[in-house]
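Colleague: In our numbering, the protein residues as written are 469 to 757. The beta-carbon is built from N, C-alpha and C at its ideal position, and this holds for glycine as well.
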Ligand SMILES: C[S@@+](CC[C@H](N)C(=O)[O-])C[C@H]1O[C@@H](n2cnc3c(N)ncnc32)[C@H](O)[C@@H]1O
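Set out below in structure tokens:
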């Protein structure tokens, strides 16, 4: 192995370790914020459900499902005539998805701990794969799409969503600019896994083609995050962000207040009456094997 490759492999391994911890840690916050996520990301969820081209009796695999919002919506669309495997690498997310499926009375839902980069599933074992805001977060995106293709039956479909470029997602960049300026969190590696790793025009198409998947649709899906006031915004931001959830307790009360005040000033431009409305843009992508 060249020393550059070894450095990058070590960085990927370290990223996987930290990311797994962060997401496991973030699960409680994602459960608490499930209602907002479901409501505000509904345009993305509905795009995915539409583009899965569901048929009676299909087996659907959800990857990087978090607490299972999308997979359980798919199960509801199938109304018992089909099977949905809701999976994530973080066991706490998978447990939350299972509980949510029970609460909703969704039929045909199974839960699995699975790593999208290396799926513990047989070849050609599912008809559909769905993933909302997951593929861009894995270090080896080519492997994740190869695995998706491998488990899809010929003619099967994948529908997924990723974030469009940073300039169109100020809800995220505004927060991160403040946090990165104020704390010792390591900055994202260019070309490495990040919210925006599949955002640039052409990258999705190239990655799909490399994995032997044929792109069928790519649409922009505008979304808007809404909060009743700053406290609701900050509670949500901290709850959903594993890195921030872990960082805050390491800061003194004064430092935490200073960070919150800096974020509040930065999002002032998104204030709408007492509340806040922050725009974002997702990309919906459908492809077939
Ligand atoms: C941004 S959240 C999205 C959750 C959910 N899909 C949603 O839209 O609400 C990203 C999720 O990806 C999961 N994840 C990260 N890396 C993963 C991997 N290699 N394999 C499977 N899941 C992974 C995390 O545990 C987390 O639940």
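Across the segment 483-501 and the segment 560-570, are there enough close Cβ pairs to call them in contact, namely three or more that are closer than 8 angstroms?
Modeller: Touching, per the Cβ criterion.
Colleague: Rank 723, 753 and 669 by C-alpha distance to the C-alpha of residue 684 and give the top, closest one.
Modeller: Checking every option, the nearest Cα to that of residue 684 belongs to 753.
Colleague: Quick one: what's got a C-beta closer than 7 angstroms to residue 637's C-beta in the same chain, skipping five residues either side?
Modeller: Closer than 7 angstroms at Cβ, skipping near neighbours: 631, 748 and 749.
Colleague: Taking contact to mean at least 3 C-beta pairs separated by less than 8 angstroms, is the segment 707-722 in contact with the segment 733-742?
Modeller: Touching, no.
Colleague: In chain order, what residues of the same chain lie with their CB nearer than 7 angstroms to the CB of residue 643, ignoring the 5 residues before and after it?
Modeller: Result list for residue 643: 705 and 731, in chain order.
Colleague: Could you tell me if the beta carbon of residue 568 falls within a distance shorter than 6 angstroms of some heavy atom in ligand 1?
Modeller: Not so, every heavy atom of ligand 1 lies at least 6 angstroms from the Cβ.
Colleague: I need the DSSP call for residue 606, collapsed to helix, strand or coil.
Modeller: Here residue 606 sits in coil by DSSP.
Colleague: Kindly indicate which three-state DSSP category residue 539 falls into: helix, strand or coil?
Modeller: Of the three classes helix, strand and coil, the one that applies to residue 539 here is helix, per DSSP.
Colleague: Does the segment 566-578 come within contact of the segment 503-520, defined as at least 3 CB pairs closer than 8 angstroms?
Modeller: The answer is no - the segment 503-520 does not touch the segment 566-578, with fewer than three Cβ pairs under 8 angstroms.
Colleague: Distance check for residue 603 and residue 688, CA to CA, integer angstroms please.
Modeller: Taking the straight line joining both Cα atoms gives about 17 angstroms.
Colleague: Classify residue 586 as helix, strand or coil using the three-state DSSP reduction.
Modeller: It is a strand residue.
Colleague: Per DSSP, residue 682 is paired with what?
Modeller: In DSSP, residue 682 forms a bridge with 756.
Colleague: Could you tell me which of 566, 634 and 589 sits nearest to residue 619, measuring between CA atoms?
Modeller: With distances taken between Cα atoms, residue 619 lies closest to 589.
Colleague: State the DSSP-derived secondary structure class of residue 593, mapped to helix, strand or coil.
Modeller: DSSP places residue 593 in coil when its eight states are reduced to three.
Colleague: Is residue 650 helix, strand or coil when you go by DSSP?
Modeller: Correct three-state label for residue 650: helix.
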